[in-house]
Every structure is written in structure tokens, then in C-alpha cells.
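Under full-length UniProt numbering, think of the first position of the sequence shown as 1, with each following residue one higher. In this text, a Cβ means the ideal position worked out from N, Cα and C, and glycines have one as well. Just so you know, these numbers come straight off a predicted model, no measurement behind them.
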Amino acid sequence: MRQKNPSGFIWDSSVQYPVTFNNSKGNKVQVFVISDKVIRVKHVAPHPSHALYDCESSREAGAKFELTENKDKQLVLQTTSVKAVIDIAKDFRIQWFSLQNVATPFTEDLPNRAISHDVETGAVWHYQKRRLEDHYYGLGERTGSMDLKGRHFRLERVDCMGYDAENADPLYKFCPFYVTLSEDTKMAHGIYYNNFSRSSLDFGQESDALWGRYRYYHAERGPLDYYMMFGPSVAEVLDHFAKLVGKPQQLAPKYSFGYLASSMIYAESEQAQDWLEKFPALCQKHDIPCDGFHLSSGYSVDKQGNRNVFTWNTSRFPDAKGLWKRLKDAGIHVFANIKPWLLEVHPEYNYLKAQKGYIWDDENGGPGEVLQWSGGYGTSGKCSYIDFTSKAGYNFWKNGVKTQLLEYGIEGMWNDNNEFTMLDDEMTFANEVDLKINIHKALPKHKTASDLVGTPIQTLLMAQASYEAIREFAPTQRPFVITRSATPFIHQTVAQTWSGDNFTEWKTIKYNTAMGISAGLSIFPVYGHDVGGFAGPKPEPELFVRWVQSGILNPRFCIHSWNFDGTITEPWMYDEVLPIIRASMHLRQQLIPYLYSLYMDFFRTDQPMIRPTFYHFQEDIETYEQSYEYMLGPDLLIAPVYTPHQDTRELYLPAGAGWYHLQTSTLHSGGQKVEVPSLTTDAAAPVMVREGSLLILAKYMRHVGAEKDDERVVQIFPHTSKDHTAMFTMVEDDGISTAHTEKGEYLEWKAYARCVDKIEVGIETVYANYKPEFDTVWFTLGHIKDERHIVGANGTPLQEREKDGVKQYDIGALAGRSFTEEEYERMQAILRRQLGPEFLAQRAGPGGGSKLTYVEGRTAINLANEVFGFHGWSSSIVDVTVDYADITDNGRISLGISVIVRVTLKDGTFHEDIGYGSSENSKSKSQAFEKAKKEATTDALKRALRTFGNVLGNCVYDRGYTREIQRMPNTQIKFNSDDLYRHPQFATLDKAGSSTMRLPLAQKSMSAVANTSAPPPKTLNAPNAPVKELTSNRVSFSFDDNDAAMFNQLADSVDFDRDIYVESQIEDGELRDGDAYIAITFSPSLFQGKLDDEAPGAQTPNRNASISRQHNSSQSGQMHAANDHKLYNPQDTQHQLARQPVEPHANPFAHQLKPSYPRKPSDSQISISSTPFGGLPEQPSPVNAPYNKERKDPSHIKRPVNELYTANRHTSFASQYPESYASSIQ
């Protein structure tokens, strides 16, 4: 070994990004700012030995930062959350600070030994100081306690059958990521080492007096490349890591959360098919639910006892296709074990050798040879690993999966023995296949030695190949791939993994529990264990019960075994405990929808289903070493029993919450150790439920989909306070197809229980594009003693039933799709149209040149209300990121903020987009944040809205459209005080001191005139009397002469159930000319008005009031027509009204208004009359006439004007254009 610690670095200021440092020996260090809390550091040695190359995505700057030099000549890189002080005076080392605590680093490199490399082998090291207050978690699955402090671990993979769950190392998984949590600061950070070569991590097992306390990372091949992730919460650290490693590409099938049966023995039997044919009947006989079956590799054993992947032992399975069909018909899905090597006796070995589809031995000019398991227990044979980086090997695998398994009826792939343990690092990879799993790295374009790339790449590509084969074979079905070995990023294509071939003994339950917590912190996919133990003696009855009680509360539940005595671990193996096992497995089946909803959190956000208690209770340092209890989701604390002959279980309850013991309904305070009953007759291990939470169960079924899934029962664990709301979100879908992810076909709903003097319960539909089989939701307190009654919202009494000795309350049906088909059609028709000029604003473009056309924020909101309805959409802020924050010497603040806003329709459809806002030289932080955040939020909201269609702003991105629309004349709406929403008795004082005076003139009772004939309509000559306002229940007319006689005639000609008022503007004791008007108020449920060219016939009682006027001028008055209660198609106004009755309070005059009205007093008449209800006249079709140049119309615009959205235009806009155009936009 020739370990060197490079020094003499100089900052290369000529490189803007990444921040780069070089020394004279050829060493380079690059610093990438990924986000305000994630910074990547990469050391490239003079002769780099790495073979995986950076993708562009790993080099991009995700946040702004500031680079300065402090008084100690150190370079300071600062974001809005962290500060990295880079010292290059001697060697290269970094101190990392949170801006919440700039006095003490949350971690720092070891002086004089921070980054080291071996100049001959290319090995790298990273040394950091180790603080006694720190705890370490993660690294995939690890034995012993979940706290890794004081231990040393190798990061490589081996086939460790029957491992010691307390002490063994290494195991099956490779994950160079860990979280550090400090007792003194209660802050967390994480480090991910971006390297797939064999590695090790030491957390204090090694010590040296010269260097003090330290921890270190070592990899056999470089470069040293790590991501520093600051929390301060553990949840935030995991969120950073999750964003780096990506999300699953498809959902797992819902049946995968049921009981998955397995045993090596089944397929090893010469009567294998007979055994499996009887399996569904045995499940039914013993009332054991089952959803899946793992087919072990015995199906591929030939007559000589050799295991040959993608072959069938037709003696053991004479009718394999028929068998798998019959199992599927019984609700049992089958997954086949497949191994990534071919024995030299495999019938396809020479074919793949000729294709060079193996990991290659260049020295011998042939496939690389290894020894692997070949037949029975302890046997081995020469074989070669398939090279999944070669096109030949990759395609051979996909073809085998399709033709030999999927076509036989196998549904899932069980990738096993995929650790790729090799002894010769000089064997080569072909590197011909594209990585479709995004690891921010790319394979080299030439052959390389295996140790340079790292064998985990083979595990990843094996998973990718299995996944692709299933997707291509059944593109509408969810792919189901299980893997034993795992690496970061593998969850993009793999649905489940487990702790491997564990040993049957009591302590395995204990240490597998901690192992599951570590796996969750490593973002591994849905995780579980071989319940009952895989290798060793068969489990004794009590041990088996305790394992099942614990196993049903893991995300993956599988009973799998290869017992030394040849027995099979099955649910019915002991008659005396079968009732307990049955009850446990029934409970598991009822939990599937709840578990599936927790899984949806993992799928969407990578929040692990299993979490350490400190994930939710980080302020409580007692949880930092709580290794043998875990959280299942946010509310369930699970305490497995791992010692024999115990009927109680002691555990610590995190502070900050009360905890109900599920089995006894007893409430305990947090922040203490308690001892709770834990009987072998219980259905589950002790479960502590957080106070103020909900647990939702389905009805029991033999398998998912066995019968109608028509029940959801919400168990309330009420908070003792008088004002607390418990809530849980459920996701429902068909559970088997890709319709959820590809078509958005799912239901998302929330159950809630507000604990006040009573317990108010309810449900809320978040997204509804799937109809579940249940139509009601029941709420219950179970056996919890709480005197408060369960009621609906606002105290509404609920239907009650009693089931299993407890009362349940029916909250009612879930809402389905919340828009009708007609409403969808109308909205789509509107969204396709482009906006009229009155909706648009303009500003100067960059440099003051061309104009930019845009939609203002308030306009976008108003348009959304018109299109979707005021209650048909909502918006929410998804994320806020501070991109930069600069403080000048004089205290002025400049700030840049990015905001992601989501716009959600009431049917659950949503779009989200990012907006940007800034504030320059603000006087205070609050002022800067307020301006920048408002600006960014408005920008994001408009961008999200425009993705729905043209009418919400997308049209302004069409340059041809904006050129034309900028040439159209546009007049702003004149201010009209009558449009203001006013208190009825409020008197307005204008600047001149005028006031509004209301004088009641007449009042008539509708009952008094209901059975009498009304006189003929009276026509009143009113000089200069254009209609000023039409609303749902009011008509206003302007006039110049305060003629009381006219008022009296109006009062006598129409029946009203409200007062008639005269509203006059009085100034200095005299009437202001032209400002008086009459306001007629009537009942909208009895009157429907219209406007037409001719007055209709005589008025009849109980018919609809209507107004008509005649005109002969192109000049226009002002008329406002609003219809805020209905969506409509502007292209089909008349037919739209014909098929929709006018709603109460809807504007009866909408869509029937002529566009032009006279102003000349001599040409104006007003008449009030009535027509029968629904007697709306036919309207002429819109006319798309060209503009008249003599009337100064822009005839050069060729776009059909009736394509513009003008549904909410005031008629004052229509007056700007010739009548032919005005009618076309009506």
C-alpha cells in the first residue's frame, strides 16, 4: 500500500462551476452544489481508475451559492442552509456547518488525513472526526443493533446462508449510505459514497492515538465521490437520498402484500406437482389466506441433479402450464426462482459462450469460471456468470424469462443468488447495455475489469432485464420482481427484497427487526424476512407463533424454509397453535389496504414503510438506540417478542405522544418504559397506536380479489385533548394493472376524526378516478372507553350497527367522479379556445424591444373559477426553495425563491409547475421573503394553470396568436360603482361629498296578486336610459329625469316580492344630472328575464319578468351579464341553455344579450313585460364576417375571431367591433 494525502491545492477561479481545486501532482477536487442542503465532493487522483462516468444530471447546479474567503484564508461555500469551510493551507479538508449553528460543525474532515489515495492500486479513503455524541444508521441491512457506532463493516455481498443475525458481516446488500444523528444538537446528516467497488466503513472500531477519534470510508477503487446531505431532520436526509436514487418505475401488485408461501422442499420433491396441486385446498381447509407462491429452483433440476436456469424438470412438473393456471384461478400468483449463472453442463452454455454473453476472462480467452451451487445442499459445480452489461447476455436473459417462465403462466421473477461474488477482479464486463435505471452514472464504452465498474452493476442490470421482460410480455400488468441482493437505485425496478437465508433461532427475530429498520433507512424496497427461519431446525410452536405475530406486521410477509430435517414450515404445521396462526394471518389480510396505502407513500416519496422511532420523535434522544421496536408508518409502534416463555413485553414509548395498546385498548403516556401484555394467543405482536390516529381495516378475504372488497372500517384512537383531528389517507385502485400510473385510475380519500366534546368523523375525496367496491365507510372506537359520542360533521347523527361486540357508525358513501360527462365536455371545449384581448396584459420585453403578452395572476384565477367553478379547483404549495440570499454590507437583502405549486381539480386531476420570484435590495428579511415568495407563487400558479389548456394562458406561448392579438383593439372596462358588493345600508361618500339615498316607493305582496290578472305592459319613454346592470335578481336603468310618475307606472306593471327603491345621487342638495337610476329587485325563482328586439305580449301572473328595448344605433351603453354558477360552451350558447334549466340565482339574462345599444335619448324606449317560463327566443348563429376597413377594423387579422374565448365579456367589448363580429363572440 502506498497511501498518500494530497496537499498544496489551489482554487481554480477560472472554472465557474463546479468549484475546482488542483495541485501540482495532478490531483483535482470538485465541489458540486446539488441543492441548498446537498453538496457533492469528488476527488480525482492523478491516474483515475474509475470506469463509471458522470452523467450530466450529476453535474448540474441545483442551487445558488456564495463563495468567499474568510480571515483565515479559508474558502467559504455557503448556501441558504449550510456552510462548507474549505481549508487548503496544508491538505484538503472541509468543515460542515448548519446555518442554525455556525459555531460548531455538524461534521468535519480529519486534519492531515481527510482524503487519501493509493498511488498504485487506486484505492481511496475518506477520514472524518468521530464525535462521541453521534449515532450511525443505515448501510443497507446490518446485523446486531441498528446503531452502527463502534463497529466495522465490509461493503460487499456474499451468499451467507444461515448467517448469525447478531454478528455476521457482510451479508447480501450493498449500500454505502448512512445517517448520522447527534445527541447534543439533535440534528442529522447523511453521506452517500457514490462508488460501486468493494468498500468498508469504520465507525470507531479502529483507533489511533496520533489521529484521535475518527471514522473512515475505504474503497478498493476510486474515485472518492460523496454526497453530503444535511437535514436537520432524519426525514429530510432520507428525502435528499430518495431524490438522488429515484422513484419506482411501476407500482407493485396489491396481492404482493398478502401471505406469500414458499419452501425449498416443495420443488425438490419428485411429486412436486402433486404437492402444489393440493396446496390451495389445504389453505382452504385450514382457512389460511394465500396470495402468492415462491417456486424454488427445484423446478429446473435435471436428471443428473444440476440446476439449469430456464429449463423445466418435466418429471416433477409434467403439466406446469396447467398447474400455474389452476393456482392462479385459486388466487395464488407464482414467482419463479432464477439464478444469474449457467453451469458448464447447461444445454445453452456453449451457445451463450459463442455469443460472448458471460463475464469474460481475457487472460484465458473465454468465459470467466467460478464455482457455484449446482445441485443438492453443499454441492457445487463450474459455471459462468451471465454478463448483463453485454447485449448477448442481457437479451438471453430476457428471452429466457419470457419463453420459459412467463409463457408458462409464471407471473413474477425471484432474482436469487445475485451477489456476483467473484475471486478474480480482472474478469471483464462488455459494457454494451444502456442503464435504464438512473444512477447518475454511465457505463464506459469499452471493456473494463470488473473491480473498476463494480459487481453491483450486474445486480442492477439483472433486475432491469427481468423487469423489462415482464413489461414487454404483459405491458398493462404490474411487473413483480423480487431480489435477494440489492444496491442503491434497485427499487426503481424491484418491488421487494428480504433479509435472505436467516437461521431458525429466537435471536433472529430480534436482530432481523433492527435489520429491517436499517433497510428502510437505506431506501430498499418493500422488506421482510423468512418467517419461521430458513435454515436450521424446524421452529418450535412458540417460536413459530412469535415469528408469525411479528411477520404479519412487516411490509413483506413470507413463510419460507429449508429445514435440516426435511420438514416444511407451513401455517398448519402445529395443530395446537393453528387457531392463533389463522387469526394472525386473517388480520394481515384485513391490513392489506392500509399497508398498500403506506406503500403508496414509499412509491411517491420514498418514505420507508418501516421507520425507526426517532424518524418521528427526533427530539427524544431515548429513541436513538431503540433498535428492536419500529414504526410501521407514522402511527403504529411494533414491539416483536423475541424471548421464549414471556407473556409481557417491556418497551420504551417515545415522548410527545400518548400510546394505546392495541390488544387491550389501554392508553399509556409517552416518555417512559412500560410493560404491556403479550400473549401467545394474541393475533399480533404488541402494537402501540399513537394517540389521535386512525387504523383502517378491510374485511377478511381468502386472497386479494376473492370476493367483493366492500368494507372499510376506521378504528379511532381518540386524542384526549378537546381539539385534535386524526387523519389518514387511503389509496384504492385495481391493484393489478398499470392504469393507476399510466391513466391516473385510482381513488384517494381521507378519513378524519375531530376530537372535541364529541368525536366528529368524516371522509374527504382527494382524487376520484376509480370506483371502489365499497360504498360506505364505518367508524368505531372499538373497545376504547371514551364517553364522547361519534357523530358526523356538525353533530349529524349517524347510522349505527353492532359487529363483533363493538358499535360502528356509517359515515355514508364516498364521492365518485366529481364532474359529469357533460361538464367535462364543456370544460374541454372552453379550454381549447384562445383568449380574447381583454384577458391579456402586455409589458416590454427584454431590452425594451418587443412586447410580451401575458395573463395576470388575478385574471388567471378568475378564468379558472369560470372554467372549473369556484369550488371545482384548488391550489397548494408543494415546495419552496431559497435559491440564493445575499446580504450587503449595509444590510440590504437580495433573495431568489423557487416555488412549486400544484393545481388540483375536484376530481383529483392535477398539474404542478415551478415559478420563480426575487427581491433585490430589500430593507428586511421579512420584506424580501414576502415579495419573492408572492412573486414565485403567483408565477408557479399561472404556469400550473396554463398546462390545462389555452384559455388558462397556454395560448400566449403561441407566437402567431400573440402577434395577431396584439393588433386587436382593446378597451378597459369602465369603473361602475354599481358592480361593487356593498352592505345594503351602506352609504357611499365620494370625493365630492355625494351620497346615495334609498327611498322605498312601493311594496307589493306576491300573494296578493297571485290569482289576479295583471294589466298590459306599460311602455315608458325614458330619455337616455340604457340598461346599466343585469344580475340574478336586479335590473338597473339610467335616466336623466327624476320622474316619480314613471316609477309609479313601473311599480304597477310588475309583481314584486321585494321593495322597489329609487337610488339618486345627491350633491349639495340637488340631483346630479345623469346619475339617478331605478333598481328593480325581484325573486329569481319566479322571474326569468330576457332582452329582445320586440316586447312580448301581455303580462301574466307567476310568469317571468322580462325586459325588452328597441334601438337603431351602433353606439353602446353598458351591460354586465354574469353567470358564475354554470360552466358553458361559448360555441353553442343556445343549445347549452336548452339542455340545462336555469339554476336558482343564475343570471336569467346571460347569453341572450344583444351586443349594441343606443345612447341617443330620442331613440330609446324601455318596456317591462313577461313571457312564459323557458320561453327563450331562438338566436341567430354567430357570423364570422370580415372586418370593415371603413370602420377601422384590423382586417389583416385572419384568425377566425369566434375561436377566441369571450364568454365572460361585457358588451362594452362588443361595441369596439362591427356588429357582425360582436355577434360572433357573444
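**Report entry** Cβ-Cβ distance between residue 1244 and Y957 below 8 Å
**Finding:** One cannot answer for residue 1244 here, as it falls past the ends of the chain, which runs 1 to 1226.
Report task. Put E856 into one of helix, strand or coil per three-state DSSP. Result -> coil
Requested in this report: Assign F534 to one of three DSSP states: helix, strand, or coil.
Outcome: Note: F534 maps to coil in three-state DSSP.
Query - Presumed contact (8 Å Cβ cut-off) between G222 and A392, rounded CB distance - result: Not a contact, Cβ separation roughly 30 Å.
Query raised in the report: In whole angstroms, what is the alpha-carbon distance linking G122 and Q3?
Result: If you draw a straight line from the Cα of G122 to the Cα of Q3, it is about 9 Å long.
Query - Endpoints, alpha helix (DSSP H) assigned at R943 - result: Taken as a continuous stretch (DSSP letters only), the alpha helix (DSSP H) holding R943 covers 925-946.
Query raised in the report: Starting from A188 and walking both ways along the beta strand (DSSP E), at which residues does that stretch end?
Result: 188-193
Query raised in the report: Closest by CA to V531, which one among G8, F524, G551?
Result: G551
**Report entry** CB-CB length for P170 against R157, believed under 8 Å
**Finding:** About 7 Å separates the two Cβ atoms, so the contact holds.
Query - F819, DSSP secondary structure in three states - result: coil
Report task. Kindly indicate the opening and closing residues of the alpha helix (DSSP H) around W324. Result -> 320-329
Query raised in the report: On the three-pair Cβ rule with 8 Å, is the stretch 86-97 touching the stretch 70-78?
Result: yes
Query raised in the report: Per the contact definition of three or more C-beta pairs closer than 8 Å, is the stretch 623-637 in contact with the stretch 665-677?
Result: no
Requested in this report: Indicate the three-state DSSP secondary structure (helix, strand or coil) for L587 in the structure shown.
Outcome: helix
Requested in this report: Go ahead and label D109 buried or exposed: buried means 16 or more other beta carbons lie within 10 angstroms of its beta carbon, across all protein chains shown.
Outcome: Answer is buried; the Cβ neighbour count reaches 16.
Query raised in the report: Around the Cβ of A683, are there at least 16 other Cβ atoms within 10 angstroms (buried) or fewer (exposed)?
Result: buried
Query - Residues near Q372 in its chain [Cβ-Cβ closer than 6 Å; skip 5 each side] - result: W341, C383
Query raised in the report: With respect to the alpha helix (DSSP H) encompassing W572, which residues constitute its N-terminal and C-terminal limits?
Result: Counting along the chain, W572 falls outside any alpha helix (DSSP H), and DSSP gives it neither H nor E.
Report task. Give every residue of the same chain whose Cβ lies closer than 7 Å to the Cβ of I887, excluding the five residues on either side of it in the sequence, and list them in chain order. Result -> I893
Requested in this report: Please name the residue, chosen from V453, F196, V237, that lies closest to P138 on a Cα-to-Cα basis.
Outcome: Residue 138 is actually Gly in this sequence, not Pro. The shortest C-alpha separation from G138 is found at V237.
**Report entry** Bridge partners - M727, DSSP secondary structure assignment
**Finding:** Y752
Requested in this report: Per DSSP, which residues does N337 bridge with? Please list them.
Outcome: W414
Report task. Just the C-alpha distance for R151 and A168, rounded to the nearest angstrom, thanks. Result -> Distance between the alpha carbons of R151 and A168 is about 12 Å.
Query raised in the report: Near L895, which residues of its chain fall below 6 Å by C-beta distance, leaving aside the five closest residues on each side in sequence?
Result: Here the set comprises A885, S919, A928, A932.
Query raised in the report: What number of angstroms, rounded off, separates the C-alpha of A1076 from the C-alpha of N976?
Result: Note on A1076: pLDDT 37, under 50, position unreliable in the model; the coordinate value appears next. In a straight line, the C-alpha of A1076 is about 13 Å away from that of N976.
Query raised in the report: Looking only at C-alpha atoms, which of L99, F230, Q549 sits nearest to V687?
Result: Q549
Report task. Excluding the 5 residues preceding and the 5 following V31 in the sequence, name in chain order all residues of the same chain whose CB lies nearer than 6 Å to its CB. Result -> P18, V19, V41
Query raised in the report: Taking the C-alpha atoms as reference points, what is the distance between H189 and V38?
Result: 10 Å
**Report entry** Through-space distance from T780 to G812, alpha-carbon basis
**Finding:** The straight-line gap from Cα to Cα measures roughly 14 Å.
Requested in this report: Could you check how far apart the C-beta atoms of P555 and Y594 are, in whole angstroms? I think they sit under 8 Å.
Outcome: About 11 Å separates the Cβ atoms of P555 and Y594, ruling out a contact at the 8 Å cut-off.
Query raised in the report: Per the contact definition of three or more C-beta pairs closer than 8 Å, is the stretch 562-578 in contact with the stretch 527-545?
Result: yes
Query - Segments assigned beta strand (DSSP E), at least 3 residues, entirely inside the stretch 253-318 - result: The stretch 253-318 contains these whole beta strand (DSSP E) runs: 259-262, 292-295.
Query raised in the report: In this structure, does DSSP put D387 in helix, strand or coil?
Result: coil
Report task. Compare the C-beta of M427 against all C-beta atoms of chain B and say whether one is closer than 8 Å. Result -> As a matter of chain content, chain B is missing from the structure shown, which is built from one protein chain.
Query raised in the report: In three-state DSSP terms, what is K129?
Result: The answer is strand: DSSP assigns K129 an E or B state.
Query - Outcome for Y824 when other beta-carbon atoms lying within 10 angstroms are tallied against a minimum of 16 - result: exposed
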